[in-house]
Amino acid sequence: MYPYFRMLAMLIKAHGGPLISMRDETELKLRVWPSDIDFYPELNNGRHLTIMDLGRIDLVVRSGLFRILREKKWGLSVGGASVRYRHRLQAFRNFTLRTRILGLDERWFYFHQKTERGERTHSAALIRAGITSPDGLVPVSDVLRAAGEENWKPEMPNWVSAWIKAENLRPWP
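No gaps in the numbering here: position 33 of the sequence shown is 18 in our numbering, and each next residue is one more.
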């Protein structure tokens, strides 16, 4: 089940907090609850991705992009993901979720997200997400213009460029 109560609490906190730039990294302090665990009792691999949804929504809300999405009747949709799991997050443990936009191209925003506990990274993901309209994907340049960030073009890290090339080599479907 989707963590609606956790999302509601995050949205209330995000709306009441200071605005940030789309260029900033966000941080959510979270805990592994019984509804998040699997048989082993640790944060389930699928739940990592669900919790990462919350980090992207937090960034979108706090940066003011959410208001623009609502005004224009746009949405935010994931178009790809690559996740690495390194260490278990056991039940009832606190952890931090960090989220930032690492790069962008004509169609996609590339989010880097990681779960951490102390100095240890437990999981990390590269998430490709696009802004959607009833007509399809909205060009990133249109989104940036609407957000007042039309001159922002972060340099794409080599490993992200390599991931994009690898994804383009995959046959579809």
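Even glycine gets a Cβ: it sits at the ideal position worked out from N, Cα and C.
Item	Value
Does the separation of the CB atoms of alanine 114 and lysine 57 fall below 8 angstroms?	no
Would a C-beta distance cut-off of 8 angstroms place leucine 39 and methionine -8 closer than the cut-off?	yes
Can you check which of these residues, Glu134, Asp90 and Arg105, is closest to valine 145 by C-alpha distance?	Asp90
How would you write the range of the alpha helix (DSSP H) that glutamate 152 sits in, first residue to last?	143 to 154
On the three-pair Cβ rule with 8 angstroms, is the region 12 to 26 touching the region 135 to 154?	no
Pairs of beta-carbons, one from the region 76 to 90 and one from the region 39 to 55, closer than 8 angstroms: are there three or more?	yes
I need the straight-line Cα distance from leucine 111 to histidine 97, nearest angstrom please.	5 angstroms
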